[in-house]
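Peer 1: Numbering (our numbering), first residue to last: 350 to 1000.
All residues carry an ideal CB built from backbone N, CA and C; glycine is no exception.
Quick one: structure below, then a few questions.
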Amino acid sequence: MADIETGKRRALLDIAHARGGRRTERDLDTFLERAESRTALSRDERLRIVEQALLVMEMNYVHLPMKRAIHAIDPIQQLKLLRFQLAEWNASLEPTLEFHRRLLSIFGSTRDLHTLYLLPEPFRDCTAYLPFLIEQYFDGGCERFIVTRTALRDEDALCLSLDGREARFERGVEVLAWNGVPIVRAIEINGESQAGSNPDARFARGLDNLTIRPLNSTLPPDEMWVDIVFRANNGVVATHRSSWLVHTSRDTGEGSAWSSTKRTALDVKRTRILEVKKDLYPRADAETLGVIEDVLYAVKKTVRGQALGYIRIFSFDVEDAVRFRTAFARLITQEGFPQDGLVLDVRGNPGGNIRAAESLLQLLTPNTIEPESFEFLNTPLNFQICKFAPDDWDLQRWLPSIGDSVMTGATYSAGFPLTLAPLCNGVGQVYYGPVVLITDALSYSATDIFAAGFQDNRVGPVLGTSGNTGAGGANFWSLDDLMAAQAQAPATPFRKLPKGAELIVAMRRSVRVGPNAGSPLEEFGVAPDVLHYMTKRDLLGDNVDLLSRAARLLRQRPSYRLSVTPVSGDGPRRVLVTAASTVPAAKTRLQIARVDLYVDGRPVRSIDAVDGTVPPTEVEIAQTGSARPGIDAEAWSRAGTLVAVWRTRIR
C-alpha cells in the first residue's frame, strides 16, 4: 500500500496534483488577479515605503560605495526619482504590483541579498513553485542539467514525444530547454534577476530559484506555465508542461521564513526556498551519528576503506551560540565518531548566527582563532545609532572611529569582531584529525564568514563545487531593528511600513583577517583551494565522487592524538599525557616531536616524542593555589609548528 502523506507535505502535494486544466486558487494567475485588490497601496503609503528605503540606502547601507563602483548603479537617484513622481505628479497610480516591481528592481541592482525590500501581504508568506527540481552536473567538461526530485503522480509524469513514443518526466531525465530557450540560457536569464554578487553566485541562484520563487522578495514569474523539453531515461525526447502554483506558508502552519526581530547574517530568500524543499522533498532517514534538528546531521562514511566523519550543516540559524558549540563538540568527540578525518559540508547553507558559526572553528585546530572584523559606513545616522542603541548591543566600540571620520574623511569605521575571545577561543581544539570544508556558490552570509575563517585561520583545505561562495559579507538589520536602536534617541527618522512590508539592509560589512587581511567578503567571497565539478553520480548517488575527492585531500594531511587525563589515587595531583602522530610518508617532519605541559599558564614539563609518539607518561602537578588548575598541553612537530592542543581543568 502506498504511504499516506500527511501534514505540510500532503498540502503541497495536493496543490501540485490539482492539474488537468482545472483552475484553482493555487494557480499563479488566480493569485495575481486577487493580489491587487487585497494589497492596494495609497499614494501616501507608497511614499512612506520609498522615503524609508531612501533613508536606509543612503545612511545605513554599508556596501553602497562598493556597489556603485562595481556595478555602475545609482539606487539613491532611482529612489529620488520614484519619490518625486509619487509626490509631484497628479497622474493616476500604477498598479500596486508594478510599484513592487520597481522597488524590487532598484534593490536588485545592488546584487545584495542582505539588502531587500520584502513585499507585504499576500506576497509576504507566499512562494511560487513547480513540482520538480533541476540540478547541474558535468560530463567530460560539458555541463548538463537533470531532474533530481519530483512531486508528480505517475499519470502526471507520463508524456508523449512528437512521434508518439512514450516518455516519463521523472528523476534522472536530462532537461534540454525551458519554454523553447536552451536551459543554460534560461538559467542565466533568471540569474540576472537574482541578487548574486559574482558570476558563480548569479548562475547558482538562477538555478536554485528556477522552480521555487519566494514572492516576498522575487518578482512573480511572467509565464503562467512552463514547457520543459527533456530527454527521458529511455532516450526519447519529449515535452512536459507544468503550471506555476502558489504555496502559502500560513496555510500549513509555518512561521515566517525569517523573523524581523533579530540582527543576523542570513539569506532570507534561500531560507524560504529550503522550507518549501523540505516539505516537498524530505530527506530520507539515514543512520546518523547525531542530529541537531533543522541545523545539521552527522553520519559515518567509508570511502575506499577510509572511515570519515561527514557533517552536513544546513544552517547556522540557532539562538544560543554556546549551546550549539557544546553540542557540536560533543558530537565530534563521541564514541564511534571517526577521528582520522572530518568532512564539513556547508553547501547551500544560507547562514544565520555569526557567533555560532565562528565559535566552531576553535574545535578543529590548535591555532588561536582570529574572528573576522566588522565595519560600519561612517554617517551621522550610524553615529546616532551606535550612541543610543541598547548597551547589550555592544556598539560603543565603533563610536569613536565614526566620530573621527568627520575630520579624517574615512568611508568606514574601525573594524571589530562580533565573536569575542571567550566564545571563539574559550574551549580550544577537541578534534585532532584533518578537516576539509565543502562549499558552493549558495554558501552565504554567516556561512561565507565561517568559510573565510576556516581558510584565514588555516584550519584545512576548502573544497568547492563552485568557483566561489555566495559572497554575502555582512550582517543585516531590519527596519524594526533600526527603530529599536533609536528607541532612546530624542527623535528617530525611522517609520513602520504599511501592510506588513519590510526593509532589511546590510549594516556592518565583514573584513577578512590573517593572510587575506583587509579584503571584504562582499562581492569576492571565498575561493576554494580545490575545485570539484559535480558529476551525475554525485547528484543521483549520494555525492560519491565529491566525497572521494575529499578523502584524497584528507589522506594528504596528518592526523594526531593528544590527551591529558587526571590520575586517581592518594598523594600529589598527577595527570597522564599521551600523544601520537599519523602522517603521510613524505611528511615525516610533521610528526610530533614533543609535548609541552602548562599549569595555569606556567610551563612545568616538556616530554620528547619517539617516532612521533609520546607513550602514556605521568606528570605530577605542583600546588598552585587554585582548586581547579588549568592544564594546557601543546604538541609541536619536528618542523617547529604547533599541531595539537589539549585544554582541561583538574581537581
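Taking the beta strand (DSSP E) that residue 915 falls in, what are its first and last residues?
Peer 2: Numbered from 1 along the sequence shown, position 566 holds the residue referred to as residue 915. Unbroken beta strand (DSSP E) run through residue 915: 908-916.
Peer 1: For the segment 669-689 against the segment 703-711, do three or more pairs of beta-carbon atoms, one drawn from each stretch, fall closer than 8 Å, so that the two count as touching?
Peer 2: Judged by Cβ distances under 8 Å, the segment 669-689 makes contact with the segment 703-711, as three or more pairs qualify.
Peer 1: Among 953, 884, 859, whose alpha-carbon lies nearest the alpha-carbon of residue 495?
Peer 2: For the purposes of this step, residue 495 is taken as residue 146 along the sequence shown, with counting starting at 1. Of the candidates 953, 884, 859, the one whose C-alpha sits nearest the C-alpha of residue 495 is 884.
Peer 1: Under the rule that 16 or more other beta-carbon atoms within 10 Å means buried, what is residue 756, buried or exposed?
Peer 2: For this step, residue 756 is matched to residue 407 along the sequence shown. Exposed, since its Cβ has fewer than 16 Cβ neighbours within 10 Å.
Peer 1: Quick one: what does DSSP say residue 682 is sitting in, helix, strand or coil?
Peer 2: The residue labelled residue 682 in the question sits at position 333 within the sequence shown. Three-state DSSP puts residue 682 in a helix.
Peer 1: If you follow the alpha helix (DSSP H) that residue 856 is in, where does it begin and where does it stop?
Peer 2: Locating residue 856 in the sequence shown gives position 507, counting from the first residue. In the DSSP assignment, residue 856 falls outside any alpha helix (DSSP H) and lies within the beta strand (DSSP E) extending over 851-860.
Peer 1: Measure the beta-carbon distance from residue 948 to residue 978 and round it to whole angstroms, keeping in mind my assumption that it falls under 8 Å.
Peer 2: For the purposes of this step, residue 948 is taken as the residue at position 599 of the sequence shown. For the purposes of this step, residue 978 is taken as the residue at position 629 of the sequence shown. Sure, about 5 Å apart at Cβ, within 8 Å.
Peer 1: Grab the span of the alpha helix (DSSP H) containing residue 881 for me, first residue to last.
Peer 2: Start at 1 with the first residue of the sequence shown, and residue 881 comes out as number 532. It is not in any alpha helix (DSSP H) - residue 881 carries neither H nor E in the DSSP assignment.
Peer 1: Cutting at 6 Å between CB atoms, please list the residues of its own chain near residue 937, excluding the five before and the five after it.
Peer 2: Position 588 of the sequence shown holds residue 937. So no residue of the chain qualifies.
Peer 1: Considering just the uninterrupted stretch of the alpha helix (DSSP H) at residue 1088, what are its terminal residues?
Peer 2: No answer is possible for residue 1088: the residues shown for the chain start at 350 and end at 1000.
Peer 1: For the alpha helix (DSSP H) containing residue 718, list its first residue and its last residue.
Peer 2: For the purposes of this step, residue 718 is taken as residue 369 along the sequence shown, with counting starting at 1. Note, residue 718: premise wrong, no alpha helix (DSSP H); not H, not E.
Peer 1: Decide if the segment 742-750 is in contact with the segment 840-853; the criterion is three or more beta carbon pairs, one per stretch, under 8 Å apart.
Peer 2: no
Peer 1: Per DSSP, what are the beta-bridge partners of residue 660 in this structure?
Peer 2: Here the question's residue 660 lines up with position 311 in the sequence shown. In the DSSP output, where bridge partners are listed per residue, residue 660 has 647, 693.
Peer 1: Report yes if the C-beta distance between residue 815 and residue 788 is below 9 Å; otherwise report no.
Peer 2: Against the sequence shown, residue 815 aligns to sequence position 466. Against the sequence shown, residue 788 aligns to sequence position 439. Taking 9 Å as the Cβ cut-off, residue 815 and residue 788 qualify as a contacting pair.
Peer 1: Could you say if the segment 804-819 and the segment 539-553 meet the contact criterion of at least three C-beta pairs nearer than 8 Å?
Peer 2: yes
Peer 1: Going by other Cβ atoms of all chains shown within 10 Å of its Cβ, with 16 needed for buried, is residue 563 buried or exposed?
Peer 2: For this step, residue 563 is matched to residue 214 along the sequence shown. So residue 563 counts as buried.
Peer 1: Quick one: give me the first and last residue of the beta strand (DSSP E) that residue 891 is part of.
Peer 2: Here residue 891 corresponds to residue number 542 of the sequence shown, with the count starting at 1. Note, residue 891: premise wrong, no beta strand (DSSP E); not H, not E.
Peer 1: Excluding the five sequence neighbours on either side, which residues of its own chain have a C-beta within less than 6 Å of the C-beta of residue 658, listed in chain order?
Peer 2: Here the question's residue 658 lines up with position 309 in the sequence shown. Same-chain partners within the cutoff: 686, 687, 691.
Peer 1: Taking the alpha carbon of residue 499 as the reference point, which residue from 511, 517, 911, 491 has its own alpha carbon closest?
Peer 2: For the purposes of this step, residue 499 is taken as the residue at position 150 of the sequence shown. The residue with the shortest Cα to Cα distance from residue 499 is 517.
Peer 1: In the DSSP output, which residue or residues are listed as bridge partners for residue 742?
Peer 2: As a first step, residue 742 is located in the sequence shown; it is residue number 393 there, counting from the start. Residue 742 is not bridged to any residue.
Peer 1: Just curious, the beta strand (DSSP E) that residue 928 is in, first and last residue?
Peer 2: The residue given as residue 928 occupies position 579 in the sequence shown. Counting along the chain, the beta strand (DSSP E) containing residue 928 begins and ends at 922-931.
Peer 1: Hey, is the segment 854-862 in contact with the segment 888-905, meaning 3+ C-beta pairs nearer than 8 Å?
Peer 2: Taking one beta carbon from each stretch, the segment 854-862 and the segment 888-905 have fewer than 3 pairs nearer than 8 Å; the two do not touch.
Peer 1: Give every residue of the same chain whose Cβ lies closer than 8 Å to the Cβ of residue 735, excluding the five residues on either side of it in the sequence, and list them in chain order.
Peer 2: Within the sequence shown, residue 735 is the residue found at index 386, counting from 1. Correct list, in chain order: 725, 744, 745, 747, 748, 751.
Peer 1: Beta carbon of residue 833, beta carbon of residue 739: below 9 Å?
Peer 2: Numbered from its first residue, the sequence shown carries residue 833 at position 484. Numbered from its first residue, the sequence shown carries residue 739 at position 390. Their beta carbons are under 9 Å apart, which means residue 833 touches residue 739 by this criterion.
Peer 1: Give the straight-line distance between the Cα atoms of residue 869 and residue 413, rounded to the nearest whole angstrom.
Peer 2: On the sequence shown, position 520 is the one that residue 869 refers to. On the sequence shown, position 64 is the one that residue 413 refers to. Residue 869 and residue 413: Cα-Cα distance of roughly 13 Å.
Peer 1: By a C-beta neighbour count over all protein chains shown, 10 Å radius and 16 as the cutoff for buried, is residue 638 buried or exposed?
Peer 2: Numbered from its first residue, the sequence shown carries residue 638 at position 289. Counting Cβ neighbours within 10 Å, residue 638 comes out buried, since at least 16 surround it.
Peer 1: How about residue 931 and residue 689: do their beta carbons lie closer than 9 Å?
Peer 2: As a working mapping, residue 931 is identified with position 582 in the sequence shown. As a working mapping, residue 689 is identified with position 340 in the sequence shown. Yes, the Cβ-Cβ distance between residue 931 and residue 689 is below 9 Å.
Peer 1: Please state whether DSSP places residue 665 in a helix, a strand or coil.
Peer 2: Position 316 of the sequence shown, counted from the first residue, corresponds to residue 665. Note: residue 665 maps to strand in three-state DSSP.
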